[in-house]
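The working numbering runs 881 ahead of the 1-based position in the sequence shown.
Positions of the beta carbon are idealized from the N, C-alpha and C atoms, including for glycine.
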Amino acid sequence: MLKLAQDSACCSTETVSPAVLEARGLSVSIAGRPILKDVNLTIQPRQVFGIIGPSGAGKSTLIKCFNRLIELTPRAVVSGDITFNQGSILSGALHPDDLRVRIGMLFQQPVVFPKSIYQNVIFGVRRLRMVSRRALPDVAEAALREAALWEEVKDRLTDSALKLSVGQQQRLCLARTLAMQPEVILMDEPTSALDPRSTEAIEQLMLRLKERHTIVLVTHNIGQARRVCDWLACVCVNNGVGEVAETACCDQMLDNPCCQAVVDYLKRN
Ligand SMILES: Nc1ncnc2c1ncn2[C@@H]1O[C@H](COP(=O)(O)OP(=O)(O)OP(=O)(O)O)[C@@H](O)[C@H]1O
Ligand SMILES: [Mg+2]
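#1: Is the beta carbon of residue 1072 within less than 8 Å of some heavy atom of ligand 1?
#2: By alpha-carbon positions, which one of 1026, 1113, 946, 996 ends up nearest to residue 1147?
#3: Does the beta carbon of residue 955 fall short of 8 Å from some heavy atom of ligand 1?
#4: Can we count residue 1118 as close to ligand 2, meaning its CB is less than 8 Å from some heavy atom?
#5: In whole angstroms, give me the CA-to-CA distance for residue 1028 and residue 1059.
#6: Taking 8 Å as the line, does the beta carbon of residue 943 fall inside it for any heavy atom of ligand 1?
#7: I'd like to confirm the pairing. Which residues does DSSP put opposite residue 985 in its beta bridges?
#8: Buried or exposed: where does residue 948 fall if 16 or more other Cβ atoms within 10 Å of its Cβ makes it buried?
#9: Report yes or no: do the segment 945–965 and the segment 1125–1139 share at least 3 C-beta pairs separated by less than 8 Å?
#10: Taking DSSP as the reference, what is the three-state secondary structure of residue 898?
#11: Can you list, in chain order, the residues of its chain with a C-beta nearer than 7 Å to that of residue 929? Leave out the 5 residues immediately preceding and following it.
#12: Is residue 965 helix, strand or coil when you go by DSSP?
#13: On the CB-based measure, 16 or more other CB atoms within 10 Å of its CB, does residue 882 come out buried or exposed?
#14: Taking only three categories from DSSP, how would you classify residue 1080?
#15: Say yes only if the C-beta of residue 1069 is nearer than 8 Å to one or more non-hydrogen atoms of ligand 2, and no if none qualify.
#16: Is the segment 972–983 touching the segment 1032–1048, taking contact as three or more C-beta pairs under 8 Å?
#17: Buried or exposed, going by whether 16 or more other CB atoms sit within 10 Å of the CB of residue 1069?
#18: When we look at the beta-carbon of residue 1001 and count the other beta-carbons within 10 Å, is it buried (16 or more) or exposed?
#19: Grab the span of the alpha helix (DSSP H) containing residue 947 for me, first residue to last.
#20: Considering only the beta carbon of each residue, do residue 940 and residue 1121 sit closer than 9 Å?
#21: Just the Cα atoms here: how many angstroms apart are residue 901 and residue 1055?
#22: Rounding to the nearest angstrom, what Cα-Cα distance links residue 945 and residue 1073 in this structure?
#23: For the alpha helix (DSSP H) containing residue 1104, name the first residue and the last one.
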């Protein structure tokens, strides 16, 4: 049995705001196989909350629960509860499309459409008619500026997005997400396909974005976790099922982990 070490004492949560996301007794199985068991997490607003842990432990599965993307996985069954701003997201009160506007997502590989840079940025806001047609160019510029891509693309907005480098494509995906003005941005290993310079650009952006957004970041890169995360949860496998072995503020987890499974994981990384 893993020794669970939740919210280590040195990382006080006494003065913090109400949680933006909370998982309570969350379990997931796929095709009858338990993947995650009894996950309890509290994510505070305007921070970078990192999720680390061995490959196959269930980090992507967990992050996909937060915007109900998990429901697109055939035969996935979710139990327990997740709240977003204190309301249950599993109760059905909020349509998944509306939830995914407020909780955006960035994947390991940038997902760009074979369209122009401009069309990519406004894709979601236009489809959901979030702003008037006339406002779209301003929305695109603001999002591209926020994603630190404007200067590189402002003179070629009508070029195909496929001509951009992978690092630029990832920032374009971020701009598309930011155009929807999400409260939370889920990022599943967003820099693992990028070179060191593009990785640094995304890390700088995370630090800037957390002033107005909450970021949930899955990363295998412990250096990256140290550079950008405020809090960490480590998901480890126990008896074949993923569990949150420990949650703590970043320095506590990386310098002085309580749980042996976390110690072992950090030693290997
Ligand atoms: N669609 C699926 N069908 C069946 N099993 C799945 C599916 N998706 C994930 N799993 C299983 O769930 C477990 C957790 O997978 P997940 O992708 O969440 O792990 P992870 O921690 O993100 O791993 P990595 O660090 O390699 O990305 C794995 O055993 C995986 O095989
Ligand atoms: Mg994964």
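Reading it off the structure:
#1: Locating residue 1072 in the sequence shown gives position 191, counting from the first residue. No, the Cβ of residue 1072 stays beyond 8 Å of every heavy atom of ligand 1.
#2: Within the sequence shown, residue 1147 is the residue found at index 266, counting from 1. Looking at the Cα atoms, 1113 is the closest of the given residues.
#3: Residue mapping note: residue 955 aligns to position 74 of the sequence shown, counting from 1. Residue 955: yes, Cβ under 8 Å from ligand 1.
#4: One-based indexing of the sequence shown puts residue 1118 at position 237. No, since every heavy atom of ligand 2 falls outside the 8 Å radius drawn around the Cβ of residue 1118.
#5: Reading the sequence shown from its first residue, position 147 is the one you call residue 1028. Reading the sequence shown from its first residue, position 178 is the one you call residue 1059. Whole-angstrom Cα-Cα distance: 8 Å.
#6: Position 62 of the sequence shown, counted from the start, is the residue given in the question as residue 943. Residue 943 Cβ: within cutoff of ligand 1.
#7: Walking along the sequence shown from the start, residue 985 turns up at place 104. Partner(s): 1066.
#8: One-based indexing of the sequence shown puts residue 948 at position 67. Classification for residue 948: buried.
#9: no
#10: If you number the sequence shown from 1, residue 898 lands on position 17. It is coil, neither helix nor strand.
#11: Walking along the sequence shown from the start, residue 929 turns up at place 48. Cβ within range, chain order: 1087, 1091, 1096, 1098, 1109, 1110, 1111.
#12: Sequence index remark: in the sequence shown, residue 965 carries index 84 (1-based). Residue 965: strand per DSSP, three-state reduction.
#13: The residue given as residue 882 occupies position 1 in the sequence shown. The predicted model places residue 882 with a pLDDT of 37, which falls under 50 and marks its position as unreliable; any figure quoted below should be read in that light. The residue is exposed, with fewer than 16 neighbouring Cβ atoms inside 10 Å.
#14: Against the sequence shown, residue 1080 aligns to sequence position 199. Reduced to three states, the DSSP call for residue 1080 is helix.
#15: Position 188 of the sequence shown, counted from the start, is the residue given in the question as residue 1069. Checking every heavy atom of ligand 2 against the Cβ of residue 1069, one is found closer than 8 Å.
#16: no
#17: As a first step, residue 1069 must be located in the sequence shown, where it is residue number 188. Classification of residue 1069: buried, given that the 10 Å Cβ count is 16 or more.
#18: Counting from 1 along the sequence shown, the entry for residue 1001 is found at position 120. Counting Cβ neighbours within 10 Å, residue 1001 comes out buried, since at least 16 surround it.
#19: As a working note, residue 947 is residue 66 in the sequence shown. It spans 940–947 - the alpha helix (DSSP H) in which residue 947 sits, taken as one unbroken run.
#20: For the purposes of this step, residue 940 is taken as the residue at position 59 of the sequence shown. For the purposes of this step, residue 1121 is taken as the residue at position 240 of the sequence shown. Taking 9 Å as the Cβ cut-off, residue 940 and residue 1121 do not qualify as a contacting pair.
#21: Sequence index remark: in the sequence shown, residue 901 carries index 20 (1-based). Sequence index remark: in the sequence shown, residue 1055 carries index 174 (1-based). Roughly 20 Å between the two C-alpha positions.
#22: Your numbering for residue 945 matches position 64 in the sequence shown. Your numbering for residue 1073 matches position 192 in the sequence shown. One C-alpha to the other measures close to 18 Å.
#23: Position 223 of the sequence shown, counted from the start, is the residue given in the question as residue 1104. Residue 1104 -> alpha helix (DSSP H) spans 1103–1109.
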